[in-house]
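Chains as they are written, first to last, in the numbering used here: chain E, 80 to 179; chain X, 532 to 1008.
The structure under discussion appears below in the form of structure tokens.
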């Protein structure tokens, strides 16, 4: 078991990301992710008490667009790119629950 | 049920309200934000999460979110968008853009009409999801064969208002939601239509023994589509939890689905299967940091809120602010004050606005309304007659006196009434004896009967109160 991240952690994250990994892949990714975390841990050597967390690398704030309607789109074009369509809606496997 | 407790138990309720913001376009793209519409007509590459599409923030949505924050007494602050990751077909990017650790509005409160302040933890911006309908399995989501997705709603701007667990009954929860809706509508942030889903309520419910300081394990109830369902769902869920605890078991933390048809909540998922959303800052959007000048400008543009309007009406009418709730909710408070300022009796003004003008005031003007009420208070028109004239005034406008004359309404003089009543009492001697000898309850019943007879014979022209007085007077002498 790696100190930075466990094989179980990686399996959990993979499951959340809907990835199925083989045992060999699981070992490989555990090592790689541990190395990445190890590298990030170098920052611990610095005193960062007074540094604000960075939300974005660009020195910009408040990038807006006006609330103006764009051109109408052709829904057929979008629907045509879906694997399955019914009643002008995207047909998908059954799913449980609602989000928002 | 209005009691705060179920046999020694206290209900603790915290509500999460999602409201769609009244913009012309979506939160991150120029597709139209409109209810209904043919499936998948208000979409674009951003709404569909197509590869390479990028979100650009709608300034109007931000302004409306700030209006909500200010109206709820929140701190408006620098905020950052975050990705909430999950796989579900209603969100084709496999993540929803929301706000997480840095919401735009934080730490406010909302005052209920009864004066109680309910905490607002945060009110943040996020995008709405698409709409899936489940096909097969008799429409039950658990047994569906497949789902169809319409992305018209995907990307519509939402404000999610997270209330503190300060509510203690179904009634308080309903009052909170209806006050919140009034505020959102008053400030132009949302149309607040629960029936169209532009305002949706998720409800966290737990129970604890009365007097206990600790919170019980909570369940979140989803799929609540009306104020009525909200009350029913809370009462059902609280009872379910009390039953579990009193039978010696433990409440399991769950997300539950309210079923309006069977009046119960059903498990959607339990804590073990709860989603781990792996939030992280949205790299495609820069931070949002409204300037103090902008916030002040928005603050100054806010209209008077329902709370202040209740106070204004209460002062004008000599009632409590709570008693002004319904008239303010119906947006008739300014009209009421104008009529009262013309000298109309405040009690009659409010009675008519609350009970007799449910469909709105129509063609009614402050002048005609004030005159009608003066005819009523002077005794020229009975309450029933006034109601009829009022209906005509709302329908087509006009002069109250002329309308009354047109209906043949004239005040009956008392001696005419006396004669009429004498005749009726002679026709129903047994009922009259029952009235004379009866207790208060019996008298109420019988007086209703006699007033009904009088109204029938006078076609509603008699004043019910005067009839009652005559009956009482005769019974005592």
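Note that CB positions come from ideal geometry on N, CA and C, so glycine has one too.
Computed from a predicted structure; not experimentally measured.
In this structure, how does DSSP classify residue i when only helix, strand and coil are distinguished?
i                       : result
residue 135 of chain E  : coil
residue 123 of chain E  : helix
residue 767 of chain X  : helix
residue 752 of chain X  : strand
residue 157 of chain E  : helix
residue 699 of chain X  : coil
residue 677 of chain X  : strand
residue 712 of chain X  : helix
residue 889 of chain X  : coil
residue 812 of chain X  : strand
residue 829 of chain X  : helix
residue 582 of chain X  : coil
residue 165 of chain E  : strand
residue 733 of chain X  : strand
residue 626 of chain X  : strand
residue 551 of chain X  : strand
residue 842 of chain X  : helix
residue 978 of chain X  : helix
residue 563 of chain X  : strand
residue 956 of chain X  : helix
residue 1000 of chain X : helix
residue 649 of chain X  : strand
residue 970 of chain X  : coil
Where does residue i land, buried or exposed, given buried means 16+ other C-beta within 10 angstroms?
i                       : result
residue 165 of chain E  : exposed
residue 162 of chain E  : exposed
residue 544 of chain X  : buried
residue 886 of chain X  : exposed
residue 971 of chain X  : exposed
residue 586 of chain X  : buried
residue 533 of chain X  : Only weak support exists for where residue 533 of chain X lies, its pLDDT of 43 falling under 50; the value from the coordinates is given anyway. Flag for residue 533 of chain X reads exposed.
residue 1003 of chain X : exposed
residue 142 of chain E  : exposed
residue 119 of chain E  : exposed
At a CB-CB cut-off below 7 angstroms, which residues of chain X make contact with residue i?
i                      : result
residue 82 of chain E  : Simply none; closest approach about 22 angstroms.
residue 154 of chain E : 571, 572, 574
residue 139 of chain E : 817
Could you tell me which of the options sits nearest to residue i, measuring between CA atoms?
i                      : options                    : result
residue 718 of chain X : X:588, X:905, X:599, X:675 : X:599
residue 595 of chain X : X:665, X:638, X:714        : X:714
residue 829 of chain X : X:837, X:577, X:601        : X:601
residue 710 of chain X : X:799, X:563, X:861, X:793 : X:861
residue 979 of chain X : X:992, X:941, X:989, X:999 : X:999
residue 726 of chain X : X:697, X:809, X:760, X:707 : X:760
residue 629 of chain X : X:686, X:575, X:620, X:680 : X:686
residue 766 of chain X : X:705, X:582, X:837, X:955 : X:705
residue 991 of chain X : X:917, X:969, X:924, X:589 : X:917
residue 910 of chain X : X:888, X:940, X:933, X:894 : X:940
residue 894 of chain X : X:915, X:951, X:930        : X:930
residue 539 of chain X : X:740, X:988, X:613        : X:740
residue 811 of chain X : X:611, X:871, X:603, X:572 : X:611
residue 568 of chain X : E:130, E:125, E:154        : E:154
residue 618 of chain X : E:94, E:89, E:168          : E:94
Which chain E residues sit within Cβ distance under 8 angstroms of residue i?
i                      : result
residue 563 of chain X : 148
residue 555 of chain X : 146, 147, 148
residue 679 of chain X : 165, 166, 168, 169, 170, 171
Which residues of chain E have a Cβ atom closer than 9 angstroms to the Cβ of residue i, listed in chain order?
i                      : result
residue 735 of chain X : Those within 9 angstroms of residue 735 of chain X in chain E number zero; the least Cβ separation is about 15 angstroms.
Using a Cβ cut-off of 9 angstroms, pull out every chain X residue sitting near residue i, in sequence order please.
i                      : result
residue 108 of chain E : The premise fails here: residue 108 of chain E is roughly 16 angstroms from chain X at the closest Cβ pair, so nothing lies under 9 angstroms.
residue 135 of chain E : 611, 812, 813, 814, 816, 817, 818
residue 111 of chain E : What residue 111 of chain E touches in chain X: nothing, since even the nearest Cβ is about 18 angstroms away.
residue 158 of chain E : 571
With a Cβ-Cβ cutoff of 7 angstroms, do residue i and residue j count as a contact?
i                      : j                      : result
residue 677 of chain X : residue 170 of chain E : yes
residue 748 of chain X : residue 773 of chain X : no
residue 817 of chain X : residue 135 of chain E : yes
residue 560 of chain X : residue 548 of chain X : no
residue 579 of chain X : residue 623 of chain X : yes
residue 961 of chain X : residue 838 of chain X : no
residue 973 of chain X : residue 721 of chain X : no
residue 691 of chain X : residue 657 of chain X : yes
residue 606 of chain X : residue 820 of chain X : no
residue 750 of chain X : residue 809 of chain X : no
residue 695 of chain X : residue 736 of chain X : no
Could you work out which residues of chain E lie near residue i, taking near to mean beta carbons separated by less than 7 angstroms?
i                      : result
residue 618 of chain X : 97
residue 772 of chain X : The premise fails here: residue 772 of chain X is roughly 21 angstroms from chain E at the closest Cβ pair, so nothing lies under 7 angstroms.
residue 807 of chain X : 95
residue 665 of chain X : 173
Any heavy atom of the ligand MN closer than 6 angstroms to the CB of residue i?
i                      : result
residue 129 of chain E : Inclusion of the ligand MN in the displayed structure is not the case, the ligand content being empty and no account of it being possible.
Which residues of chain X have a Cβ atom closer than 8 angstroms to the Cβ of residue i, listed in chain order?
i                      : result
residue 142 of chain E : 587, 588, 816, 817
Any beta carbon of chain A sitting closer than 7 angstroms to that of residue i?
i                      : result
residue 165 of chain E : Chain labels in this structure do not include chain A; the protein chains are E and X.
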